[in-house]
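As structure tokens, the structure follows; a few thoughts come after it.
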Amino acid sequence: MNRLLMLTASAYRSKAVQVMQQTFQLLFPVILLGSSAEVLKFVFLTASGYVATIFNVTHWLPFDRELSVLMGTIYHCTLGMAGLYGAYGVSYFTVKVYRRQSSPSAGLIGLLAFLMIAFQPRGGGRIAFNPSLMTEGLLVGMLVGYVCGRILCAFKNRRTDLWETMWRLTLIFALAVSVNLLISELRRAGSLSVLAISGPTSTSGDSLSFVLMMGALTELLSWIGIGGPFTASPTFTDPASIANLNHALKAGSPWNVPHPYTDTTLFHSFANFGGNGVMLALMIAILIFSKRANSRTVTKWSIFPALFNSHYAMMVGIPVLFNPIFLLPFTLVPVINMTIAAMLLALHWLPAAVYPVPAGTPGPLIAFLGTNGNWISLLLGIGLIALDVLMYAPFIKLAESVQKSAGELK
Numbered sequence: 005m006n007r008l009l010m011l012t013a014s015a016y017r018s019k020a021v022q023v024m025q026q027t028f029q030l031l032f033p034v035i036l037l038g039s040s041a042e043v044l045k046f047v048f049l050t051a052s053g054y055v056a057t058i059f060n061v062t063h064w065l066p067f068d069r070e071l072s073v074l075m076g077t078i079y080h081c082t083l084g085m086a087g088l089y090g091a092y093g094v095s096y097f098t099v100k101v102y103r104r105q106s107s108p109s110a111g112l113i114g115l116l117a118f119l120m121i122a123f124q125p126r127g128g129g130r131i132a133f134n135p136s137l138m139t140e141g142l143l144v145g146m147l148v149g150y151v152c153g154r155i156l157c158a159f160k161n162r163r164t165d166l167w168e169t170m171w172r173l174t175l176i177f178a179l180a181v182s183v184n185l186l187i188s189e190l191r192r193a194g195s196l197s198v199l200a201i202s203g204p205t206s207t208s209g210d211s212l213s214f215v216l217m218m219g220a221l222t223e224l225l226s227w228i229g230i231g232g233p234f235t236a237s238p239t240f241t242d243p244a245s246i247a248n249l250n251h252a253l254k255a256g257s258p259w260n261v262p263h264p265y266t267d268t269t270l271f272h273s274f275a276n277f278g279g280n281g282v283m284l285a286l287m288i289a290i291l292i293f294s295k296r297a298n299s300r301t302v303t304k305w306s307i308f309p310a311l312f313n314s315h316y317a318m319m320v321g322i323p324v325l326f327n328p329i330f331l332l333p334f335t336l337v338p339v340i341n342m343t344i345a346a347m348l349l350a351l352h353w354l355p356a357a358v359y360p361v362p363a364g365t366p367g368p369l370i371a372f373l374g375t376n377g378n379w380i381s382l383l384l385g386i387g388l389i390a391l392d393v394l395m396y397a398p399f400i401k402l403a404e405s406v407q408k409s410a411g412e413l414k
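In terms of the numbering used here, the sequence shown opens at residue 5 and continues consecutively.
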């Protein structure tokens, strides 16, 4: 065990990990601002939002539409461009860490390369970029930035002049354009359709194994910075949800619905507290068990968006993103929650969540409101959070032990 701990600590000291950590430190305030703006827009300033519905915010708040537009602009320029910022940060810090010198232009080169990859030509000369790469392309952006940074570092022992600089830029931009053309060709040929599963969607199936697998896949893809099939908020508009709602309206009760196992009744109702990975449980566990002041500070700053199921700030602030220590609980804790809920549904001890809930409804309340106020659903949600906190606790202690060992090895 000690040997494994030392190996993990050594990996934490690698230059690649240092680049990621410094990039996440750069991204955290940007992502936190974007997450908060997203919550304010869709939960507080939109008529269908959770807080707006309860307090009728849009009826009495002056300039609510203007504020909504402002929050939307902030969201699209921060969280909506996460891949862009990732490319800039990794490219800049790769040169800084590997060459031990600061080069602001390195970040700009990574940013330009990512824009070239994400560029999508439109008719009439309009400029547009791939929205999936901009919003859910943090992994791609960081890979692009790392490649750019390594190319810029490859000539560190040679004399730097104008011709060498132009050669490096030509190589980087030629690679970026080639990737763009490859993506366009694959899209034109329909070869990218297999990647549709990484985008937000919902399922109309009622197979428990399918929902559990898609839930686990969603968590895994979220851990590497890609949106999964269940990333989108519950819409209650897929065929299974509509069938469940029609049954409940006819019977006057959410019991014995035809599709008890869907992303809405399991994943969004019991596995999405605070966002993917049951982030709310991780935050509570950090506040209770963590001794690191930085982790506790990041958690406190991230509480507001996480209460309304936006987990992005915590993903880069702790970080959970690409962190192998948190991969297991981040993926399995939601699956355990769904399995427990499915067992209670199968035993008919619990009704399914069939009634639509406002956007941004806090995770523990989705099942409660979706069952029209069934107290067993609320108590189950509270019990699952307590269980999840206990499951996250040893991994928090392990992460702190690794960080402490990595510091001692410096």
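The beta carbon of each residue, even a glycine, is placed where N, CA and C say it ideally should be. Since this is a predicted model, take the numbers as computed values, not measurements.
Does residue i pass the burial test, meaning 16 or more other C-beta atoms within 10 Å, or should it be called exposed?
i: S72; result: buried
i: E42; result: buried
i: L119; result: buried
i: M342; result: buried
i: T207; result: Its pLDDT being 48, under 50, T207 is placed unreliably by the model, and the measurement read from it follows with that caveat. With 16 or more other Cβ atoms within 10 Å, it is buried.
i: I292; result: exposed
i: H263; result: buried
i: M146; result: buried
i: I386; result: exposed
i: P108; result: exposed
i: I370; result: buried
i: L36; result: buried
Could you tell me how far apart the beta carbons of residue i and residue j are, in whole angstroms, since I believe they sit closer than 8 Å?
i: A86; j: T139; result: 7 Å
i: V61; j: Y54; result: Contact doesn't hold; Cβ gap of about 10 Å is too wide.
i: G281; j: E223; result: 6 Å
i: G219; j: F271; result: 5 Å
i: I228; j: N184; result: Not quite, the Cβ-Cβ distance comes to about 22 Å (not below 8 Å), so this is no contact.
i: Y329; j: L394; result: Sequence check: residue 329 is Ile here, not Tyr. No, I329 and L394 are not in contact; Cβ-Cβ is about 17 Å, not under 8 Å.
i: Y16; j: V320; result: Not confirmed; about 17 Å, so no contact.
i: A110; j: V99; result: 4 Å
i: A345; j: L384; result: 7 Å
Can you name, in chain order, every residue of its own chain whose Cβ lies under 7 Å from the Cβ of residue i, other than the five neighbours on each side?
i: G76; result: K45
i: S39; result: L83, P309, S314, Y316, A317
i: V261; result: N248, H251, A252, A356, V358
i: R296; result: E404
i: Q124; result: A132, F133, N134
i: G279; result: A310, N313, S314, H315
i: I340; result: none
i: N376; result: P258, Y359
Considering only residues of the same chain and omitting the five flanking positions on each side of residue i, which have a CB-CB separation below 6 Å?
i: L348; result: L354
i: C152; result: S95, I113, G114, A117, I176
i: P360; result: F240
i: P366; result: L311
i: S226; result: G232, N280
i: P323; result: F28
Which residues does DSSP list as the beta-bridge partners of residue i?
i: G53; result: A363
i: F133; result: F123
So the alpha helix (DSSP H) residue i belongs to, where does it begin and stop?
i: H80; result: 68-81
i: W259; result: Element bounds for W259: n/a, residue is neither H nor E.
i: Y92; result: 86-103
i: R300; result: 297-311
i: Y265; result: Run containing Y265: none; DSSP gives neither H nor E here.
i: F214; result: 212-227
i: V183; result: 166-193
i: T335; result: 328-350
i: H63; result: 61-64
i: P33; result: 19-43
i: L142; result: 142-157
i: V324; result: No alpha helix (DSSP H) holds V324; DSSP gives it neither H nor E.
i: L48; result: For the sequence presented, residue 48 should be read as Phe rather than Leu. Premise fails: F48 is in no alpha helix (DSSP H) and is neither H nor E.
i: L291; result: 283-293
When you compare the CB of residue i with every CB in chain D, is at least one pair closer than 8 Å?
i: M24; result: Note that chain D does not occur in the displayed structure, where there is just one protein chain.
Spatial neighbours of residue i within its chain, please: C-beta separation below 8 Å, excluding the five flanking residues on both sides.
i: I389; result: F277, V282, L284, A285, I288, P368
i: F399; result: I329, F330, L332, P333
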